[in-house]
Amino acid sequence: MSLTYITITESFVDGTGQPLNTGVTLTPSQAVYAGGVPVVTPAQPIIAQVVGGALQGPNGGALQLLATSQAGLTLQSGTGFWWWTAAVTIGKLTDTWSFQLGTSPASVELYATKNTPQAGAFLAAKAGSASVPAAEISPQVVALTDAATIAVNAALGNDFTVTLGGNRTMGAPSNPSDRQKLTFEIAQDGTGSRTLTWTGGAGGYSFGSGSAPALSTAAGAVDQAAFAYSARKNAWLYLGTTGGF
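Count along the sequence shown starting at 1, add 144, and that's the number in our numbering.
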């Protein structure tokens, strides 16, 4: 069968306008098959490169990604949909986001796939240039929907925020990546004294030999909690909390 691939372009410069050399990892959310043969798999991500500021494929040619929305593909999960996750690392900073690709247009700028104009530690600048700001680091923040059990999709980002409207449970994040780190900013509503239970067990949150911290109780109070995913433990390991803001 004929498959549609989209050419991904982008240019990268630092805060002074100088071209960058770096790497970009593109990972599918699950194994995808065409005619029973795997065409992408998370075990074999595409390792692209940025040379002299220009995004290139693994072998130095154009970077091409399989379009996610096309007929004839089957998924490892059997149903649902799949997406790409991009991870751009420059120095000690990594910008991560997930996106889908239609079958047109034939060429797309990498940073145009982000769902906000702010590009984590980087900015999508004019003329298709992804520029690293000289002094600003502004990660993409994902707003969670308040509910009895709060759903978290780790493929959408690394920084999450939610305002509790009652006593809640934080659901185990779906689509984790090994060593991925998540930070939650948890706010009390105007009533306050809301409690939060962290889902445990396989794929859930682990506090080791300790216990989950109690939230600040004042109305409008803000706490932050951080976790890192361990594939070995199949759990989000607790890194710590700051609170009382």
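For glycine and all other residues, C-beta sits at the position ideal for the given N, C-alpha and C.
Note that the coordinates shown come from a computational prediction; the quantities given were computed from them, not determined experimentally.
Run the CB neighbour count on residue i, radius 10 Å, all protein chains shown included, and call it buried at 16 or more, exposed below.
i, result
"Asn-302", "buried"
"Tyr-382", "buried"
"Leu-209", "buried"
"Ser-213", "exposed"
"Pro-172", "buried"
"Phe-389", "exposed"
"Gln-324", "buried"
"Phe-225", "exposed"
"Ala-271", "In this prediction, Ala-271 scores a pLDDT of 33, lower than 50, which makes its location untrustworthy; the coordinate-derived value is nonetheless stated afterwards. It counts as exposed."
"Ser-242", "buried"
"Gly-314", "Note on residue identity: the sequence assigns Met, not Gly, to residue 314. That one is buried."
"Leu-308", "buried"
Got a sec? Which residues, its chain only, sit under 7 Å from residue i by beta carbon, not counting five neighbours each side?
i, result
"Ser-221", "Gln-174"
"Ala-250", "Ile-150, Thr-151"
"Ala-279", "Annotation note: pLDDT 35 at Ala-279 (below 50); position unreliable, coordinate value reported separately. Nothing listed; no residue qualifies."
"Asn-319", "Ser-173, Asn-297, Ala-298, Ala-299"
"Gly-197", "Ser-155, Phe-156, Val-157, Pro-163, Leu-164"
"Gly-201", "Ala-192, Leu-207, Gln-208"
If you follow the beta strand (DSSP E) that residue i is part of, which residue opens it and which one closes it?
i, result
"Pro-172", "166-172"
"Met-114", "Absent from the structure is residue 114, since the part of the chain shown begins at 145 and ends at 389."
"Thr-160", "No beta strand (DSSP E) holds Thr-160; DSSP gives it neither H nor E."
"Pro-182", "181-184"
"Thr-229", "228-234"
"Thr-238", "237-243"
"Gly-384", "379-386"
"Ala-370", "366-374"
"Gln-193", "190-195"
"Ser-251", "251-253"
"Gln-200", "198-200"
"Ala-98", "Look at the range of the chain in this structure, 145 to 389, and you will see that residue 98 is not part of it."
"Thr-341", "340-342"
"Gln-208", "207-210"
"Leu-217", "217-219"
"Ala-178", "176-178"
Assuming residue i contacts residue j (C-beta within less than 8 Å), just tell me the rounded distance between them.
i, j, result
"Val-286", "Ala-331", "Actually they are not in contact, since the Cβ atoms of Val-286 and Ala-331 sit about 14 Å apart, beyond 8 Å."
"Pro-292", "Arg-312", "Looking at the sequence itself, residue 292 is Ala, so the reference to Pro does not match. That belief holds up - the Cβ atoms of Ala-292 and Arg-312 are roughly 7 Å apart, short of 8 Å."
"Ala-230", "Leu-164", "In fact, because the Cβ distance is near 15 Å, the residues do not count as touching under 8 Å."
"Asp-322", "Tyr-255", "Not really, about 25 Å apart at Cβ, beyond 8 Å."
"Ala-206", "Thr-240", "About 23 Å; that fails the 8 Å criterion."
"Val-157", "Val-194", "Actually they are not in contact, since the Cβ atoms of Val-157 and Val-194 sit about 10 Å apart, beyond 8 Å."
"Gly-334", "Gly-310", "About 12 Å; that fails the 8 Å criterion."
"Phe-351", "Phe-328", "Not confirmed; about 14 Å, so no contact."
With 9 Å set as the bound, which would you pick, yes or no: does the beta-carbon of residue i sit closer than that to a beta-carbon of chain C?
i, result
"Asn-319", "The chain inventory of the structure shown lacks chain C, comprising one protein chain alone."
Counting only the same chain and skipping the five closest in sequence on each side, list residues whose C-beta sits under 8 Å from that of residue i.
i, result
"Tyr-177", "Val-183, Leu-217, Thr-218, Leu-219, Gln-220"
"Pro-357", "Asp-367, Ala-369, Thr-385, Gly-387"
"Gly-348", "Ala-316, Trp-342, Ala-379, Trp-380"
"Tyr-149", "Gln-208, Leu-209, Leu-210, Ala-211"
"Leu-245", "Ile-150, Leu-209, Leu-210, Ala-211, Thr-212, Ser-213, Trp-228, Val-252, Thr-257"
"Gly-354", "Tyr-382"
"Ile-294", "Leu-288, Val-306, Arg-312, Thr-313, Met-314, Gly-315"
Using a Cβ-Cβ cutoff of less than 6 Å, which residues in the same chain neighbour residue i once the five nearest sequence positions on both sides are dropped?
i, result
"Ala-375", "Asp-322"
"Ile-190", "Leu-170"
"Leu-359", "Leu-340, Asp-367"
"Thr-361", "Gly-336, Ser-337"
Runs of beta strand (DSSP E) lying entirely within the segment 290-338, each at least 3 residues, in chain order: 303-308, 312-314, 325-332
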